[in-house]
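Residue numbers (our numbering): 84 to 677.
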């Protein structure tokens with residue numbers, strides 16, 4: 084029975100058309116199909132049961148119609164399977180075929196009935212689809228535009244973000260700068276307050292200084308008044324002094340006239356021939372007795388060439404009545420040479436600066452040196468020891484001389500614009516003379532009462548040794564005076580200057596009685612020393628080209644030129660006995676000429 088049921092169901096479902104869609108098996112069709120099969124196998128029972136189900140009998144509510152139909156269908160299948168037989172299978176197949184045909188017709192009728200409705204519904208849907216498509220395209224275009232706008236906004240956002248970061252960094256820098264400036268402002272305010280305090284102190288000090296200045300101005304005015312009075316008195320004294328000088332000049336003229344008258348009388352009486360006797364020497368009186376000298380000859384040959392000093396030799400002189408030469412150099416040494424043999428006799432030590440000038444007493448016992456150490460040094464020749472160190476100058480001492488009638492008095496000139504008179508016995512300064520221009524050279528007069536000084540301003544000045552007053556002044560050179568030499572008779576003074584001239588002045592009138600020069604040559608330094616021969620007939624001077632020129636005083640011409648030095652000649656000196664002549668240069672070489 085079970086196998087026949089299964090075969091029947093297979094036939095029923097296999098006979099169904101495959102083209103019928105699933106929705107064709109709707110609930111009404113299934114209900115109808117189940118009802119038909121039920122009636123086919125059990126017409127009476129199936130009709131009653133179906134009516135009962137539809138009417139709600141046998142406990143089936145109307146509202147549960149779908150469940151009832153399913154139950155009914157199951158009952159139909161059970162009955163069919165129970166009463167199935169071979170003859171009934173054929174009847175069932177035919178019934179199923181008729182049912183299928185009916186179902187197809189009903190399906191076609193439903194499609195025909197629902198076709199206009201479906202068509203009517205499809206039209207608005209198609210029109211709405213085109214509108215939706217157009218809207219979709221518009222929306223697509225808008226979407227693309229939105230994408231583009233979004234892209235632009237994104238780019239702009241990136242730029243703005245970068246700018247924002249840059250601005251943030253700048254703001255941070257500005258904040259840091261503001262903080263630094265605020266700190267600096269605080270410091271400046273503190274400094275300003277400190278400066279204000281300092282300013283107040285300075286103002287107080289200034290007020291004090293102003294009050295002091297006012298007092299000083301009042302004092303200056305008083306001193307100016309006193310100075311004006313003193314100047315007026317000085318002018319009056321100068322006028323009186325000039326008047327006295329004129330009177331002295333008149334007396335001197337009278338004395339000169341008297342002297343000339345006496346000379347004329349002596350000439351007339353024949354005494355002049357006695358005074359000019361031809362002898363080997365001339366005797367002149369001095370403090371130490373007789374001083375002998377021979378007539379000077381013009382030297383032409385370098386007898387000795389001595390390497391005397393390191394760094395240059397600026398001063399030299401001969402001992403009185405001797406051929407022994409004394410030299411001083413920048414090596415702070417004073418040396419004594421025997422010019423007969425060219426050998427070094429002795430060396431004097433103790434000077435603390437360069438030796439700028441030398442002098443010796445008439446008894447040849449003491450040598451005095453002027454030094455750049457602002458001091459004067461006095462050596463004892465016999466022992467070679469420093470006997471005195473004369474201090475008092477405040478700048479380098481550049482000139483020194485000893486009195487020609489007394490070995491006790493020495494004068495010195497320094498670049499502190501003072502001339503000092505020294506007593507060698509006591510060892511200290513006895514007088515100080517102040518002048519307006521630095522002095523490069525000086526010399527005692529023959530009587531020891533007057534000092535001749537040559538200055539940087541080119542003037543030759545005469546001073547009274549006792550009072551320190553200026554006796555006379557004359558413009559000797561256009562540039563600085565470098566040397567002063569007094570003739571043996573004391574009537575002529577020789578000055579040399581940086582204007583490359585050598586002037587001879589008459590001591591009595593201070594008038595130029597001769598000018599000597601070497602064309603194209605120049606004086607080497609501010610302390611270049613020239614000299615007059617012992618017989619007062621010649622002048623010797625060195626120049627920067629290393630030459631030594633000799634002039635005749637009477638003729639004014641060059642009578643000899645000595646060339647042995649290779650550097651500038653700084654000083655020359657003539658032996659008091661007539662020969663030899665010595666010269667020294669910047670290299671410290673000393674030449675002895677005969």
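Don't be surprised by glycine CBs; every beta carbon is placed ideally from N, CA and C.
The model shown is predicted, which means the values in this text are computed figures rather than measured ones.
- Relative to residue 559, the option among 544, 672, 518 whose CA is nearest is 544.
- Checking the DSSP bridge columns, you'll see residue 399 partnered with 410.
- Rounded to whole angstroms, the gap between the alpha carbons of residue 262 and residue 254 is 12 Å.
- Taking C-beta atoms under 8 Å as the contact rule, residue 579 and residue 566 qualify, at a distance of about 4 Å.
- The stretch 408-420 makes no contact with the stretch 642-651: fewer than 3 CB pairs, one atom from each, lie closer than 8 Å.
- Judged by DSSP in its simplified three-state form, residue 394 adopts coil rather than helix or strand.
- The C-alpha of residue 445 is placed about 11 Å away from the C-alpha of residue 484.
- The three-state secondary structure of residue 222, taken from DSSP, is helix.
- Ranked by how close their Cα comes to the Cα of residue 639, the residues 671, 598, 628, 608 have 598 in first place.
- Note on geometry: alpha-carbon atoms of residue 651 and residue 384 lie some 19 Å from one another.
- For residue 344, DSSP assigns no beta-bridge partner whatsoever.
- Distances from the CA of residue 469 to each of 482, 487, 507 were compared; the closest alpha carbon is that of 507.
- Taking all protein chains shown into account, residue 326 has fewer than 16 neighbouring C-beta atoms within 10 Å of its C-beta and is therefore exposed.
- Under DSSP, no beta-bridge partner is assigned to residue 232.
- For residue 503, the beta-bridge partners assigned by DSSP are 495, 515.
- Annotated three-state conformation of residue 267 is helix, per DSSP.
- Residue pairing for residue 542: DSSP places it in a beta bridge opposite 558.
- The alpha-carbon of residue 386 is positioned some 54 Å away from that of residue 321.
- By a beta-carbon distance limit of 8 Å, residue 623 contacts residue 613. Their separation comes to about 7 Å.
- By a beta-carbon distance limit of 8 Å, residue 388 contacts residue 672. Their separation comes to about 6 Å.
- Per DSSP, the beta-bridge partners of residue 675 are 387, 665.
- Within the same chain, Cβ atoms closer than 6 Å to the Cβ of residue 533 are found at 545, the five residues on either side in sequence being excluded.
- Taking residue 659 as reference, the option from 182, 457, 379 with the minimal CA-CA separation is 379.
- If you check the CB distance, residue 606 and residue 586 do not come in under 7 Å.
- Between residue 550 and residue 289, the alpha-carbon positions lie close to 46 Å from each other.
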